[in-house]
Every structure is written in C-alpha cells, then in structure tokens.
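Student: Take a look at the following structure, please.
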Amino acid sequence: MTPGAGVNITAKEGAQVEISCQPRETGSMVVWFRVLDHSGVEFIASFSNNGIKKSPHNLSPTFSEAKIGQQILTLQSFDKARDSGVYGCASLYRGIELKFGQVTRLGGEKVATGAPLPTTTQTPCTTTTPCVCNNNNNKGETSLSMFCTPIILGPLAGGCGLLLLLLIVTSLYCNHIRTRRCPHHYKRK
C-alpha cells in the first residue's frame, strides 16, 4: 500500500489483532469488509452506530465484536494464509451514500528461509539477420486470403441490399397509407 493510504499492521501467527476504522461521516449503519490477498472481497458484518449487529447471519468466530462501539473489530487469532489482506469499513450516510474510513493492511511477519535461492545468469541475446520471405505465388497456387474476401463480403453485401430493399418498400407502403387516411387529401378530390 502507498504511504498515507492506510495503516499497515504486521501480525504474528495466532496473535489477536485489533483493526480500527472510523468512517468520515456518521450514518445509520457501519459495514465491515475485507479484501483478501488470495481471493476477493468478503463481507464481515454490519452494525448500527451504537454497536448492535444488523447483519442477518452470525459473526464468524474469527472475529469479536466486543469493541465495535469504538469502531474496533478484533481478529481473534491471525492466520497469515487466511487473514492477510486489506480491512475497511463504510458508513451508510443518509441512506443513499457510503462514506468509507481509512483502510488497514494486515499482513504476517516474513518468515526467514533456510538457504538463499541460487541465482542463474542468462546469456545475452544475439541478433541475426532478419528472414526475408518471398511472397511470389507459384503458378497454380492460390493464397487463402483470395478465398476469404468473397466469403465475407458476399453475404455482407447481400444483407445490405436486402435491408435497403426493405427500407424502400416500407417507406412507400407507409407513405401510401398516410396519404389515404389524411383528411385534407379527401377535400382535394
């Protein structure tokens, strides 16, 4: 995450983590969500401003709502593979707008590996003279592009002609009906 875009928290495996999020405006409901590193967006829960749970399903046992009135969601036991990601909240403002709070990037501590990976060196690419293709067709040979053009353009031209014919017939028919039904045409006769 870029500096200033949110809070970065590095947690140990199994540690309890408190994630705070204060929406810019206070609304009728606060929605908590997370964007996990290896999957998509996940809805956590929704609460009223005084901390009463609004979401119809039970809160996952992974989280605790004990400090939700202070806008703090508690992750009970951090698991790097399951819980690494970006956590945030949004307030439903005036019933039609979501006002988001500052996000928190939660990640695990980097695990030191035993031995460093060996590095390989690549040999530089060499340049060669470009291949010159001879496009002259021998007698009796035909290219595929010669057959492709009529196959595409034939039906396209036929379809355009049919649409033009339908447009002319429709305009003549509608013009004939309109002149027959107009009252000022009867007065001329």
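Note that our numbering has the sequence shown beginning at 94, numbered continuously upward. Glycine included, each C-beta is placed from N, C-alpha and C at the ideal position. Bear in mind the structure is a predicted one, so any value in this text is a computation, not a measurement.
(1) Please identify the residue among 202, 213 and 120 whose C-alpha is closest to the C-alpha of residue 189.
(2) For residue 115, collect the residues of the same chain with a Cβ closer than 6 Å to its Cβ; drop the 5 residues on either side in sequence, then sort them by chain order.
(3) Buried or exposed: where does residue 181 fall if 16 or more other Cβ atoms within 10 Å of its Cβ makes it buried?
(4) Quick check: residue 287 and residue 123, are their CB atoms within less than 8 Å of each other?
(5) Measure the CB-CB distance between residue 201 and residue 106 and report whether it falls below 8 Å.
(6) From residue 110 to residue 187, what does the alpha carbon distance come to, in whole angstroms?
(7) Taking the alpha-carbon positions, what's the residue 246 to residue 263 distance?
(8) List in chain order: all unbroken alpha helix (DSSP H) runs of 4+ residues lying wholly within the region 115-194.
(9) Comparing alpha-carbon positions, which option in 185, 136 and 159 lies nearest residue 145?
(10) Quick check: the Cα distance between residue 248 and residue 259, rounded to an integer number of angstroms?
(11) Grab me the residues of residue 173's own chain with a C-beta within less than 7 Å of its C-beta, minus the 5 sequence neighbours each way, in chain order.
(12) Residues in its own chain within less than 7 Å of residue 176 by CB, not counting five upstream and five downstream?
(13) Within a Cβ cutoff of 8 Å, which residues of the same chain sit near residue 170, ignoring the five residues on either side of it in sequence?
(14) Can you grab the Cα-Cα spacing for the pair residue 214 / residue 221, in whole Å?
(15) Skipping 5 residues on each side, what residues in its chain have a beta carbon closer than 8 Å to that of residue 117?
(16) Give me the Cα-Cα distance between residue 104 and residue 126, rounded to the nearest whole angstrom.
(17) Count the other C-beta atoms from every protein chain shown that fall within 10 angstroms of the C-beta of residue 166, then say buried if there are 16 or more, exposed otherwise.
(18) Quick check on residue 261: buried or exposed, where buried means 16 or more other Cβ atoms within 10 Å of its Cβ?
(19) Can you tell me which residues form a DSSP beta bridge with residue 101?
(20) Return the CA-CA distance between residue 112 and residue 136, expressed in angstroms with no decimal places.
Tutor: To lay it out plainly:
(1) By 1-based counting over the sequence shown, the position of residue 189 is 96. That would be 120, whose Cα lies nearest to the Cα of residue 189.
(2) Translated into positions along the sequence shown, residue 115 becomes position 22. Result list for residue 115: 164 and 194, in chain order.
(3) The count along the sequence shown starts at 1 and reaches residue 181 at position 88. Residue 181 is buried by the Cβ-count criterion.
(4) Outside the shown range of the chain (94 to 282) lies residue 287, about which nothing can therefore be said.
(5) For this step, residue 201 is matched to residue 108 along the sequence shown. For this step, residue 106 is matched to residue 13 along the sequence shown. Their beta carbons are under 8 Å apart, which means residue 201 touches residue 106 by this criterion.
(6) For the purposes of this step, residue 110 is identified with residue 17 of the sequence shown, where counting begins at 1. For the purposes of this step, residue 187 is identified with residue 94 of the sequence shown, where counting begins at 1. Roughly 31 Å separates the two Cα atoms.
(7) If you number the sequence shown from 1, residue 246 lands on position 153. If you number the sequence shown from 1, residue 263 lands on position 170. Distance between the alpha carbons of residue 246 and residue 263 is about 26 Å.
(8) 173-176
(9) By 1-based counting over the sequence shown, the position of residue 145 is 52. Minimum Cα distance to residue 145 is reached at 159.
(10) As a first step, residue 248 is located in the sequence shown; it is residue number 155 there, counting from the start. As a first step, residue 259 is located in the sequence shown; it is residue number 166 there, counting from the start. Their Cα atoms are separated by approximately 16 Å.
(11) Locating residue 173 in the sequence shown gives position 80, where the first residue counts as 1. Cβ neighbours of residue 173 beyond the five flanking positions: 106 and 201.
(12) The residue given as residue 176 occupies position 83 in the sequence shown. Here the set comprises 168 and 199.
(13) Along the sequence shown, one-based indexing puts residue 170 at 77. Here the set comprises 107, 108, 109 and 155.
(14) Taking the first residue of the sequence shown as position 1, residue 214 is located at position 121. Taking the first residue of the sequence shown as position 1, residue 221 is located at position 128. Going by the C-alpha atoms only, they are around 22 Å apart.
(15) On the sequence shown, residue 117 is found 24 positions in, with the first residue counted as 1. Cβ within range, chain order: 184, 192, 193 and 194.
(16) As a working note, residue 104 is residue 11 in the sequence shown. As a working note, residue 126 is residue 33 in the sequence shown. Rounded to the nearest angstrom, the two C-alpha atoms are 19 Å apart.
(17) If you number the sequence shown from 1, residue 166 lands on position 73. Flag for residue 166 reads buried.
(18) Along the sequence shown, one-based indexing puts residue 261 at 168. Residue 261 is exposed by the Cβ-count criterion.
(19) Numbered from 1 along the sequence shown, position 8 holds the residue referred to as residue 101. Paired residues: 198.
(20) For the purposes of this step, residue 112 is taken as the residue at position 19 of the sequence shown. For the purposes of this step, residue 136 is taken as the residue at position 43 of the sequence shown. Their backbone Cα atoms lie some 15 Å apart in a straight line.
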